[in-house]
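Enquirer: Read in numbering that gives the first Met the number 0, the sequence shown has 32 at position 33, and its numbers run on one by one without any break.
Using N, Cα and C, we set each Cβ at its ideal position, and we do this for glycine too.
The structure presented is a predicted model; accordingly, all values stated were derived computationally and were not measured.
If you scroll down you'll find the structure; I have some questions about it.
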Amino acid sequence: MSAFPRSYALSDGNSFYCSCERVFDHKLNHVPVIVLSNNDGCAIARTAEAKALGIKMGEPWFMMRDLCRANGVRVFSSNYALYGSMSNRVNEVYRLFAPRVEIYSIDESFLDLTDVAPKTRAELARDMRSTVGRWTGIPTCVGIGPTKTLAKLANHIAKKNPELGGVCDLTDEAERDRWMRKVKLEEVWGIGAL
Ligand SMILES: [Mg+2]
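Written out as structure tokens, the structure reads:
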């Protein structure tokens with residue numbers, strides 16, 4: 000039994016497939032990049048620069064071909080062998096920080112932080128995030144909360160608010176209330192009701 004109430008972190012790779020492509024070609028670092036679905040049908044990953052051009056998730060390739068050419072967007076077919084092996088590397092780093100890792104999707108994992116003192120969780124998350132960045136090249140955001148759902152919400156807040164430095168901790172109830180008044184919950188993928 001831990002002395003602390005339950006705590007989870009959700010760590011998520013930013014623009015994960017695009018970030019994997021960038022690891023192997025640094026010339027992609029400050030240019031718009033998208034990855035297309037199987038058979039190059041539509042966009043399934045976009046960097047911030049590609050989002051800023053108005054490219055939408057799931058947008059069919061034929062509708063954005065001209066825009067991509069005109070703006071120098073680098074376009075990749077999906078390479079799941081590469082993304083899978085990068086995902087394994089990222090999860091290995093997570094396990095050094097929190098041994099109980101539950102892989103939720105190719106770029107999202109829940110970590111059990113129950114044994115970590117509440118005051119040091121955000122610091123651990125920042126340390127993990129910078130280690131993942133240095134060792135694998137993948138940028139991540141980390142959300143922390145007393146349930147997996149709240150960790151997911153915290154992750155969403157970390158992603159949308161760059162001033163947080165990639166980590167949002169909703170352990171504190173007052174902090175949680177403050178953010179929950181600001182965030183439109185329907186924005187958070189997968190959350191219907193809390
Ligand atoms: Mg992601």
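First and last residue of the alpha helix (DSSP H) that includes phenylalanine 75?
Expert: It is not in any alpha helix (DSSP H) - phenylalanine 75 instead sits in the beta strand (DSSP E) that spans 73–76.
Enquirer: For valine 100 versus asparagine 90, is the C-beta distance shorter than 7 angstroms?
Expert: For valine 100 and asparagine 90, yes; Cβs fall inside 7 angstroms.
Enquirer: Suppose the cutoff is 7 angstroms on Cβ atoms and the five residues either side in sequence are ignored; what does the same chain contact list for glycine 191 look like?
Expert: A caution first: glycine 191 carries a pLDDT of 48, below 50, which makes its placement in the model unreliable, though a value can still be read off. If we look at glycine 191 and ignore the five residues flanking it on each side, it has no Cβ neighbours.
Enquirer: Are the segment 29–37 and the segment 48–58 in contact at 8 angstroms, needing three or more beta carbon pairs?
Expert: Touching, per the Cβ criterion.
Enquirer: If I measure Cβ to Cβ from methionine 127 and keep anything under 6 angstroms in the same chain, skipping five residues before and after, which residues do I get?
Expert: Here the set comprises Phe96.
Enquirer: Run the CB neighbour count on glycine 71, radius 10 Å, all protein chains shown included, and call it buried at 16 or more, exposed below.
Expert: That one is exposed.
Enquirer: Determine the extent of the beta strand (DSSP E) in which cysteine 41 is found, giving its start and end residues.
Expert: No beta strand (DSSP E) holds cysteine 41; DSSP gives it neither H nor E.
Enquirer: So glycine 136 packs on valine 22, CB below 8 angstroms; how close in whole Å?
Expert: Right, the Cβ-Cβ distance comes to about 4 angstroms (below 8 angstroms), so this counts as a contact.
Enquirer: For the alpha helix (DSSP H) that leucine 149 lies in, which residues bound it at each end?
Expert: Segment 147–159, the alpha helix (DSSP H) holding leucine 149.
Enquirer: Between which two residues does the beta strand (DSSP E) holding phenylalanine 61 run?
Expert: Looking at the DSSP string, phenylalanine 61 is not in any beta strand (DSSP E); the run it does join, the alpha helix (DSSP H), is 60–69.
Enquirer: Quick one: what does DSSP say leucine 112 is sitting in, helix, strand or coil?
Expert: Three-state result, leucine 112: coil.
Enquirer: Determine the extent of the beta strand (DSSP E) in which glycine 142 is found, giving its start and end residues.
Expert: Where glycine 142 is concerned, the enclosing beta strand (DSSP E) stretches over 139–144.
Enquirer: What's the call for asparagine 154, buried or exposed, on a 16-neighbour Cβ count within 10 Å?
Expert: Asparagine 154 should be labelled buried.
Enquirer: What's the gap between the Cα of threonine 170 and the Cα of glycine 83?
Expert: Between threonine 170 and glycine 83, the C-alpha separation is close to 31 angstroms.
Enquirer: I need the DSSP call for aspartate 176, collapsed to helix, strand or coil.
Expert: Note: aspartate 176 maps to helix in three-state DSSP.
Enquirer: Within the present structure, is the beta-carbon of glycine 132 separated from the nearest heavy atom of ligand 1 by less than 6 angstroms?
Expert: Result no, Cβ not under 6 angstroms from ligand 1.
Enquirer: Determine which residues share a DSSP beta bridge with leucine 52 and list them.
Expert: Partner(s): none; leucine 52 has no beta bridge.
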